[in-house]
Every structure is written in structure tokens, then in C-alpha cells.
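Just so it is clear: in the sequence shown, position 285 is 285 by full-length UniProt numbering, and no numbers are missing. One structure below.
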Amino acid sequence: MTGPMEIPVIDLSGLNGGDEERSRTLAQLHEACKDWGFFWVENHGVDGVLMEEVKRFVYGNYEDHLESKFYASDLAKNLDNNADEADWEATYFIQHHPKSNIANFPEIPPPTRETLDAYIAQMVALAERLAECVGLNLGLPAAHVRDAFAPPFVGTKFAMYPPCPRPDAVWGLRAHTDAGGIILLLQDDAVGGLEFLRGGRDWVPVGPTRHGRLFVNIGDQIEVISGGAYPSVVHRVAAGEQGRRLSVATFYNPAADAVVAPAREAPAYPGPYRFGDYLEYYQGTKFGDKAARFQAVKKLFG
Numbered sequence: 001m002t003g004p005m006e007i008p009v010i011d012l013s014g015l016n017g018g019d020e021e022r023s024r025t026l027a028q029l030h031e032a033c034k035d036w037g038f039f040w041v042e043n044h045g046v047d048g049v050l051m052e053e054v055k056r057f058v059y060g061n062y063e064d065h066l067e068s069k070f071y072a073s074d075l076a077k078n079l080d081n082n083a084d085e086a087d088w089e090a091t092y093f094i095q096h097h098p099k100s101n102i103a104n105f106p107e108i109p110p111p112t113r114e115t116l117d118a119y120i121a122q123m124v125a126l127a128e129r130l131a132e133c134v135g136l137n138l139g140l141p142a143a144h145v146r147d148a149f150a151p152p153f154v155g156t157k158f159a160m161y162p163p164c165p166r167p168d169a170v171w172g173l174r175a176h177t178d179a180g181g182i183i184l185l186l187q188d189d190a191v192g193g194l195e196f197l198r199g200g201r202d203w204v205p206v207g208p209t210r211h212g213r214l215f216v217n218i219g220d221q222i223e224v225i226s227g228g229a230y231p232s233v234v235h236r237v238a239a240g241e242q243g244r245r246l247s248v249a250t251f252y253n254p255a256a257d258a259v260v261a262p263a264r265e266a267p268a269y270p271g272p273y274r275f276g277d278y279l280e281y282y283q284g285t286k287f288g289d290k291a292a293r294f295q296a297v298k299k300l301f302g
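Below you can see the structure in the form of C-alpha cells.
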């Protein structure tokens with residue numbers, strides 16, 4: 001499918017083909033989830049025009065509302081003193097489902113809200129399609145992941161990583177795994193910086209977007225449901241001296257009250273537990289060891 005350190009690129013149009021093509025595409029997804037935990041998708045069903053409009057919104061919102069505040073922040077003014085406990089990023093989080101918090105952002109005009117709604121509807125459809133593939137590839141009912149997450153929590157982290165005068169002193173975002181389920185990333189098309197740890201040894205750079213692709217990675221809850229077959233992967237963002245980097249990450253996660261557990265017996269993994277309990281514990285352990293977090297959750301909640 002790719003070279004030894006080339007991130008898999010999966011053409012999802014194969015899911016609409018005949019039995020042989022669909023089976024081949026499912027097999028490619030299985031290998032990517034099992035061996036990598038992250039991959040690119042193309043022909044994913046998300047409109048390219050919408051993707052560009054979302055990027056324009058993020059750039060404009062940053063310039064108008066965030067940039068001056070960021071460089072006036074304590075982090076920017078005292079970089080040497082804060083580097084170990086902070087991330088060089090300007091971010092905000094918009095919740096879409098089951099309840100929207102867009103009203104908390106009066107600076108976003110109604111036409112842009114309509115664009116975001118259309119974009120998120122297509123991203124959710126993509127996430128649900130991938131969730132179905134995960135279930136099928138694990139030998140589970142196609143609806144297993146979707147049912148386990150229901151009603152899913154969907155939210156987007158909009159992030160800008162500004163040029164940093166001391167990229168040696170701080171990370172754009174420190175190394176971590178994602179707490180939730182399936183993460184869909186609209187990645188910068190010019191500036192790199194995102195890196196994933198493969199096999200616990202090699203940091204693999206995720207280059208800028210090409211050909212309208214989206215980037216996908218697996219979160220902790222898919223690892224738990226799969227009993228470790230599909231691991232969530234540690235990743236980080238390097239700070240850069242040249243250029244600003246855009247990141248629009250949409251999270252397809254379980255509801256806070258959804259109960260998560262391995263689909264089959266998996267003694268090393270916690271469950272059943274409420275995702276909200278996991279998430280609360282994760283907030284204080286995000287940048288720590290995932291295996292230790294799983295064991296603590298198992299002891300506390302599972």
C-alpha cells in the first residue's frame with residue numbers, strides 16, 4: 001500500500017464498489033488501524049469547497065480575534081518560564097452534538113455558522129462510516145461502535161500554531177493520545193509540525209495536506225472497544241519558527257453517559273465505565289502514560 005514510513009492513504013470510494021473492491025478497502029483500513037493507528041483518507045465525501053471555506057474562517061478568526069491576544073499572553077511574554085507546562089497554540093472548542101454551543105461565539109456570523117453546520121454534517125457522516133468499518137473489521141455488528149457511543153458527542157478543536165521565537169523551548173502541543181473515539185483532522189496545506197509515534201520508536205511527520213485528503217487517527221475508546229487491536233497513538237506538534245500552522249480536529253466521541261467496554265474479553269483493558277468518568281480522569285493525565293491511565297480507570301471505574 002505504501003513504503004515503510006509512508007502514512008497509509010486509503011481511497012474510500014472503494015467502499016462503494018463491488019464486493020472485491022469493498023473487501024480490499026476494508027482490509028486496508030484494518031491494516032492501517034492495526035499497524036499505524038493513523039492514516040489519510042481520500043474520496044471521503046467531505047466537500048472540498050466547504051473544507052476551504054472552513055480554513056478561511058479559521059485564518060480570519062485568528063487574525064481578527066486571537067493573534068494579538070496570544071502574543072500578549074503570559075505564555076508568549078514568559079516563554080522560558082512556562083515551556084514545560086504549556087502548549088504554543090491558540091485554540092477554541094465548538095461543540096456541535098448533542099447540543100451546540102455556537103451561541104458562545106457571537107463573533108461568528110450566521111453565514112459562517114451555516115458553513116460550519118454543513119461541514120460538520122459531512123464530517124459526522126464520514127466518522128459514522130469509519131465507525132461501521134471498524135465494527136465490521138473487528139468481527140462485530142456494523143453498528144457496534146455507533147451504538148456504544150450513542151448519542152455521540154461531536155466537537156471541533158480549532159487551533160492555530162503561531163510562529164514561535166524559541167521553538168527549541170516549547171512544544172506546539174505536548175505528546176499525548178486522544179481520549180475519545182475517531183478524530184478527523186483538516187490539516188494545514190503548507191506548514192507541517194504534527195508528528196505521530198509509530199511502534200513506540202519512530203516519530204513520523206504528518207506533512208501538509210495534499211489532494212483534498214483528511215487525516216484520521218484512533219482515540220483511546222476505540223482501543224478499549226477493540227481490546228487493543230486498534231491502538232490509539234501518541235502524537236505531538238512541534239513549534240515552528242517559520243509560518244503559522246492551522247489544525248481543525250473534529251472529535252467523534254461517546255456521550256458522557258455512554259458505557260464503554262471491550263467488545264470481547266480483554267483483561268488488560270478497563271470497562272465497563274462511563275466515558276464521562278474516563279474523560280474527567282484523562283484531563284489530569286492527558287500527557288502521562290496511557291497504559292497507567294487505563295489501569296487506573298480499570299481500578300476506579302471498570
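Note that beta-carbon positions come from the ideal geometry of N, C-alpha and C, so glycine has one too.
| task | For my contact list, I182 and Y252 are in at a C-beta cut-off of 8 Å; report their separation, rounded to the angstrom. | result | Here residue 182 is taken as the residue at index 182 of the sequence shown, counted from 1. Here residue 252 is taken as the residue at index 252 of the sequence shown, counted from 1. Confirmed, Cβ separation roughly 4 Å.
| query | Around the C-beta of N16, are 16 or more other C-beta atoms found within 10 angstroms, so that it is buried, or is it exposed? | reply | Here residue 16 refers to the residue found at position 16 when the sequence shown is read from its first residue. By the Cβ neighbour-count rule, N16 is exposed, with fewer than 16 other Cβ atoms within 10 Å of its own.
| task | Between the Cα of V216 and those of W203, S226, H235 and R146, spot the shortest distance and give me the residue it belongs to. | result | Within the sequence shown, numbered from 1, the residue matching residue 216 stands at position 216. Minimum Cα distance to V216 is reached at H235.
| When DSSP builds the beta bridges, which residues end up paired with N253? | Here residue 253 refers to the residue found at position 253 when the sequence shown is read from its first residue. According to DSSP, N253 bridges with F153.
| query | Any idea what DSSP makes of T209, helix, strand or coil? | reply | What you label residue 209 is simply residue 209 of the sequence shown in a count that begins at 1. Residue state, collapsed to three classes: coil.
| said: Which of the three DSSP states is assigned to A159 in this structure? | reply: For this step, residue 159 is matched to residue 159 along the sequence shown. Strand.
| task | Would you decide whether H44 is buried or exposed? Buried here means 16 or more other CB atoms lie within 10 Å of its CB. | result | Counting from 1 along the sequence shown, the entry for residue 44 is found at position 44. It counts as buried.
| query | Can at least three beta-carbon pairs, one atom from the stretch 226-235 and one from the stretch 260-274, be found at a separation below 8 Å? | reply | yes
| Residues in its own chain within less than 6 Å of L130 by CB, not counting five upstream and five downstream? | Translated into positions along the sequence shown, residue 130 becomes position 130. Cβ within range, chain order: I182.
| What are the complete beta strand (DSSP E) segments, minimum 3 residues, inside the stretch 27-105? | For the stretch 27-105, whole beta strand (DSSP E) runs of length 3 or above, ordered along the chain, are 38-42 and 90-97.
| task | Would you mind reading off the limits of the beta strand (DSSP E) that contains D277? | result | In the sequence shown, residue 277 corresponds to position 277, counting from 1. Not the beta strand (DSSP E): D277 falls in the alpha helix (DSSP H), residues F275 to Q283.
| field | A238 in three-state terms, based on DSSP | value | To locate residue 238, count along the sequence shown from 1; it is residue 238. Reduced to three states, the DSSP call for A238 is strand.
| said: I need the straight-line Cα distance from G207 to Y71, nearest angstrom please. | reply: Within the sequence shown, residue 207 is the residue found at index 207, counting from 1. Within the sequence shown, residue 71 is the residue found at index 71, counting from 1. Straight-line Cα distance between these residues: approximately 26 Å.
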